[in-house]
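Participant: Before anything else, here's the structure in question.
In UniProt numbering, the protein residues as written are 1 to 944.
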């Protein structure tokens, strides 16, 4: 430890944490020392090498200077507490300070405008003034001071900065002895952090916004750790003397056991060897060509970039992405992985695959001891994640790991499992919302950015996001480019303009990286590049490499089907006469339930319903059942002889299910192809003979529109509320010429998508008026959505020298996985969620009777807060209500019937209750509804 001069008694008396029940307190100097030491150790031991390199790049690659700068900022983060505005909050400690010459008013009422100089803003001003006093320009100093100003989650805006200046409110800052004390404290931290060596050379070092954001994240984290009284005990003496050592931080972080970054060594295995080890390929099996291209491209990339993998469904894009991520992490120093998926169901499925992948790594690249988190609103109901959380708690208390078998190489670290800290874990698997939140003005956004900046980011099903979400995604990609974060994006195929937009967003950020490394070459990669294809950025250039066909081919017979129950039943009756499995996909839950009712009468006991209106516990069980019955051969060991699944869009994304026949509503062409990817997905036998004869040829029937009309009459629900007429008509225009013939997968995938999403007119002459009107409406609607999406988005990173003052002005507060949180980054009104509770004939409240032991039929109190074990079960009974009930009137009605004491439960306080009788019946806003395990929540027709 560098030499530090002794502090005056006045400086030693300034408090950071007020008196606790035992009379202990924490001096400000001690808290600043602790924060400095924690930040230094985080920099050296916890930060991903890629983030440490990003920090060092600000100082010409000098990691020592970067560590000193970050530690200095962490050390002085609470400098604003050395002011009367803060000190007045504890009368006893303020009196002691007064006795030592630091004037503090006797009561808070004597400083009525204290809020103008909150200690974070006061620290911002005090550091700026301290640096200006040493010859720094105010502009450069503000890029440093704003880190202090933002350490409570939101940097100051220009108006607050102006109103809280020391010259405007001098009584809040204090003078004389106060100034001398602050000088002592800053000098102490400058020496302790090592910054004193560099201050002269930093005078012209304006920090980039990337540095400001990430440094604020490290400061917040250091402050939170140093504020933990269990790790950093309070002092009992009145004026404890500094001893200049740092055992507190070393001991605390040893107890906290934060995981070190994953350090992936260079991948020296051949592609075949790598895929055999990581993904258990059968003996003699080889990676598919697109997988080999993906790993080759990743190994060849000289600097971080975005890699877009486009390949048919079932070609192993996930495995290709993980192999590429391993190589990219080795080359860039990324310390972990973030995987984003469209839905909670697909996220849960991917979570298990990621854990398996990590478990299979050899000892040289094993992430043993790393942390992992599942990041979505229902994560705690995932059994694998719950087990990893238990494992994480055991590791953290220092159990004898050598005495027992550790089932997985990763665990869920409890300190990193909180909502604001979850993305700081080494490995994160989450819904796309969790990634899009990185573009949303929200409190503590810096922690999200810090979590992403040290990872490789994989985005699955990147074609699945509308204009509103895509606007957020482009913003995130711009910041990831500025942080030089490798990104791998996956899609069955992308329209050329969508591919170009993703690449451009990333390169825009790369142009703002420090040092700037990109001169953007805007030459586009158009839709004729070939298929399957891997596209990637090489500095400012964009490159593409076409992969050979894998040999997996599916010929799908395609035709139209009249949109009436009789036609549907006739097809199913004929096709499944000798057995087989059919998937019927509807665009709305109403159509799912109507179709299922009709089909059940024809095939009693042979119909399953899958949609989003099931309680969480039932949805998880339904997803597992789908994979158990219709998944890959290794899992679906008891495939039913004959069965029909009637589902909404929940089956079209990332679920590895396999059916013999498809009947689907008309949808945008890329989603139609995704649904076709569930046809004959797995080889069952050597020549498909284990499929019944009538379904040995893959067949898809398109319904949900009247194709006898020209142009087709579209199903009203899909046209108005789901996809819009433009995408549906252009999809129909490319599909109709194939009716009565076939579509070849994968050969036809790219041409169909590029044509449907291109800008050339499609369809017969008599379609053109309708199509032009649909396009005009779509363009206007897209412009409105994109404009609305920008309302709460952060700005692109600015050129170095601009402080992030106002970066989160007009923020939305906290961003989370509640329905309201998802609504911030998804277009449209957020759907209302409620907890389904049964009411017995005797009026007793209980958990649903169909839940498995030991949680079925638990008594639920109505007059007091449910105990945690009951509340946990109630939380698993949350259900998303139809949009027709997502309004203030319904919400008010449900809350009025919810026991007030339930709002005190940390597990269920967000949700009102929906009470149903023992048969599942209830009334919501005058409408009868019914919940059953087979059909989910149904809304009954209004009585005439």
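Even for Gly, the Cβ is constructed at its ideal location relative to N, Cα and C.
1. How about the segment 278-298 and the segment 535-551: do they share at least three Cβ pairs that are nearer than 8 Å?
2. As a quick exercise: from 149, 914, 113, 236, pick the residue whose alpha carbon is nearest that of residue 22.
3. Ignoring anything shorter than 4 residues or poking outside the segment 710-772, list the alpha helix (DSSP H) runs there in chain order.
4. One question on the structure: do residue 409 and residue 358 come within less than 8 Å of each other, judged by their Cβ atoms?
5. Residue 224 by DSSP, collapsed to three states: which one?
6. Kindly confirm or deny that the segment 89-103 and the segment 173-180 touch, where touching means at least three C-beta pairs closer than 8 Å.
7. Can you look up residue 581 in the DSSP assignment and give me helix, strand or coil?
8. Determine the DSSP secondary structure at residue 414, reduced to helix, strand or coil.
9. With DSSP as the reference, label residue 949 as helix, strand or coil.
10. Could you check the C-alpha separation between residue 268 and residue 46 for me, to the nearest Å?
11. So is residue 759 buried or exposed if we call it buried at 16+ other beta carbons inside 10 Å?
12. Just verifying my parser: in three-state terms, what is the DSSP assignment at residue 530?
13. Which of the three DSSP states, helix, strand or coil, is assigned to residue 572?
14. For residue 879, list the residues DSSP reports as bridge partners.
15. Suppose contacts are defined by Cβ-Cβ distances below 8 Å. Is residue 703 in contact with residue 559 by that definition?
16. Tell me where the beta strand (DSSP E) around residue 357 begins and ends.
17. Can you give the beta carbon distance from residue 762 to residue 834, rounded, assuming they're within the 8 Å contact cut?
18. For residue 803, which three-state DSSP category applies?
19. Measuring alpha carbon to alpha carbon, tell me which residue in 309, 628, 361 is nearest residue 529.
20. Based on Cα-Cα distance, which residue from 344, 337, 342 lies nearest to residue 355?
21. Is the beta carbon of residue 218 less than 8 Å from the beta carbon of residue 88?
22. Around the Cβ of residue 641, are there at least 16 other Cβ atoms within 10 angstroms (buried) or fewer (exposed)?
23. Using only the alpha-carbon positions, how far apart do residue 686 and residue 541 sit?
24. Any idea what DSSP makes of residue 465, helix, strand or coil?
25. Kindly give me the distance between the Cβ atoms of residue 960 and residue 509, rounded to whole angstroms, as I take these residues to be in contact under 8 Å.
26. Can you give, in chain order, each stretch of the alpha helix (DSSP H) that sits fully within the segment 414-487 and has at least 4 residues?
27. Say whether the segment 803-816 touches the segment 869-888, bearing in mind that this needs 3 or more beta-carbon pairs closer than 8 Å, one atom from each stretch.
28. What did DSSP end up calling residue 522 once you bin it into helix, strand or coil?
29. Would residue 330 and residue 264 be called neighbours here (beta carbons separated by less than 8 Å)?
30. Can you name, in chain order, every residue of its own chain whose Cβ lies under 7 Å from the Cβ of residue 756, other than the five neighbours on each side?
31. Indicate the three-state DSSP secondary structure (helix, strand or coil) for residue 287 in the structure shown.
32. Rank 594, 886, 770 by C-alpha distance to the C-alpha of residue 647 and give the top, closest one.
33. For residue 864, count neighbouring Cβ atoms within 10 angstroms of its own Cβ and tell me buried if that reaches 16, exposed if not.
34. State the beta-bridge partners of residue 235 as determined by DSSP.
35. Can you tell me which residues form a DSSP beta bridge with residue 340?
36. Count the other C-beta atoms from every protein chain shown that fall within 10 angstroms of the C-beta of residue 904, then say buried if there are 16 or more, exposed otherwise.
Facilitator: Based on what the coordinates show:
1. Of all C-beta pairs linking the segment 278-298 to the segment 535-551, three or more are shorter than 8 Å, placing the two stretches in contact.
2. Of the candidates 149, 914, 113, 236, 236 places its Cα closest to the Cα of residue 22.
3. You should have 725-735, 749-756.
4. Taking 8 Å as the Cβ cut-off, residue 409 and residue 358 qualify as a contacting pair.
5. Shown here, residue 224 sits in a helix according to DSSP, grouped into three states.
6. Between the segment 89-103 and the segment 173-180 there are three or more C-beta pairs closer than 8 Å, enough to call the two in contact.
7. In the structure shown, residue 581 sits in a strand (DSSP, three-state: E or B).
8. In this structure, residue 414 counts as helix in the three-state DSSP scheme.
9. Nothing about residue 949 can be read from this structure; the chain reaches only from 1 to 944.
10. Cα to Cα, the separation comes out at about 26 Å.
11. Classification of residue 759: exposed, given that the 10 Å Cβ count is below 16.
12. Residue 530 sits in coil when the DSSP states are folded into three classes, being neither helix nor strand.
13. Looking at residue 572 - three-state DSSP - the assignment turns out to be helix.
14. Answer by DSSP bridge pairing, in chain order: 834.
15. Not a contact, by the Cβ cut-off of 8 Å.
16. Unbroken run through residue 357 is the alpha helix (DSSP H), 344-359; no beta strand (DSSP E).
17. For a cut-off of 8 Å, the C-beta gap from residue 762 to residue 834 is around 43 Å, too long to register as a contact.
18. Three-state DSSP puts residue 803 in coil, outside helix and strand.
19. When 309, 628, 361 are compared, the shortest CA-CA separation from residue 529 is found for 309.
20. Nearest to residue 355 by C-alpha distance, out of 344, 337, 342, is 337.
21. The Cβ atoms of residue 218 and residue 88 lie no closer than 8 Å to each other.
22. Result: exposed.
23. For residue 686, the predicted structure reports a pLDDT of 48, less than 50, and the residue's modelled location is therefore unreliable. The matter cannot be settled from this model.
24. When secondary structure is reduced to three states using DSSP, residue 465 falls in the coil class, being assigned neither helix nor strand.
25. The chain is shown from 1 up to 944; residue 960 falls before or after that span and cannot be answered.
26. The alpha helix (DSSP H) runs lying completely inside the segment 414-487 and spanning 4 residues or more are 432-436, 445-453, 467-482, given in chain order.
27. A contact between stretches requires three or more CB pairs, one per stretch, nearer than 8 Å, and the segment 803-816 fails this requirement with the segment 869-888.
28. With a pLDDT of 49 at residue 522, under the threshold of 50, the modelled position of this residue cannot be trusted, and the question is left open.
29. Contact: yes.
30. Counting only Cβ-Cβ distances below 7 Å, and skipping sequence neighbours, we find 669, 730, 731, 734.
31. Of the three classes helix, strand and coil, the one that applies to residue 287 here is coil, per DSSP.
32. Of the candidates 594, 886, 770, the residue whose Cα lies closest to the Cα of residue 647 is 594.
33. With fewer than 16 other Cβ atoms within 10 Å, it is exposed.
34. According to DSSP, residue 235 bridges with 25.
35. According to DSSP, which records beta bridges pairwise, residue 340 is partnered with 430, 459.
36. Per the 10 Å Cβ criterion, exposed.
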